[in-house]
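Enquirer: Dropping the structure in here first, questions after.
In my numbering, the protein residues as written are 1 to 134.
Given below as structure tokens:
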């Protein structure tokens, strides 16, 4: 019985052309474990802050803190898995800066509008109560 590649000799054998040895595989696995541990540590910091410092931070600062840590994790993933960490510093800033500013803008708008709409709801309730009391 012949193998697939013997029957179809024109079909490329990518497994044979990969040229990866065990040392390279160990390096890749080491990088993946490093990503896992960094992400775990940042997540544990988020959980620790949420569990023990939630009252001291206040609602708005807590939201900004979690947005910051979420961005840290997102940028770390971009740097590692999209190979942006291997690029020159100027290219990193050109790619990351607009996204960072846009994400902070969206977060600021969402938080600001959420606070403003809660304020208006409270004002509306107070005005309705005042109108009903007359």
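Positions of the beta carbon are idealized from the N, C-alpha and C atoms, including for glycine.
If you pair each beta-carbon of the segment 67-79 with each one of the segment 34-51, do three or more pairs fall below 8 Å?
Expert: Touching, per the Cβ criterion.
Enquirer: Just the C-alpha distance for residue 68 and residue 21, rounded to the nearest angstrom, thanks.
Expert: Residue 68 and residue 21: Cα-Cα distance of roughly 39 Å.
Enquirer: Name the two residues that bound the continuous alpha helix (DSSP H) containing residue 65.
Expert: Element bounds for residue 65: 59-81.
Enquirer: Which value, in whole angstroms, describes the spacing of the CA atoms of residue 8 and residue 2?
Expert: Distance between the alpha carbons of residue 8 and residue 2: 10 Å.
Enquirer: Quick check: what's the CA-CA separation for residue 55 versus residue 49?
Expert: Looking at the two C-alpha atoms, the distance is approximately 10 Å.
Enquirer: For residue 104 and residue 26, what's the separation of their Cα atoms in angstroms?
Expert: Taking the straight line joining both Cα atoms gives about 37 Å.
Enquirer: Pull up the distance between the alpha-carbon of residue 88 and that of residue 82, whole angstroms please.
Expert: Cα-Cα distance, rounded: 14 Å.
Enquirer: Check residue 8 in the structure and name its three-state DSSP category.
Expert: Coil at residue 8, not helix or strand.
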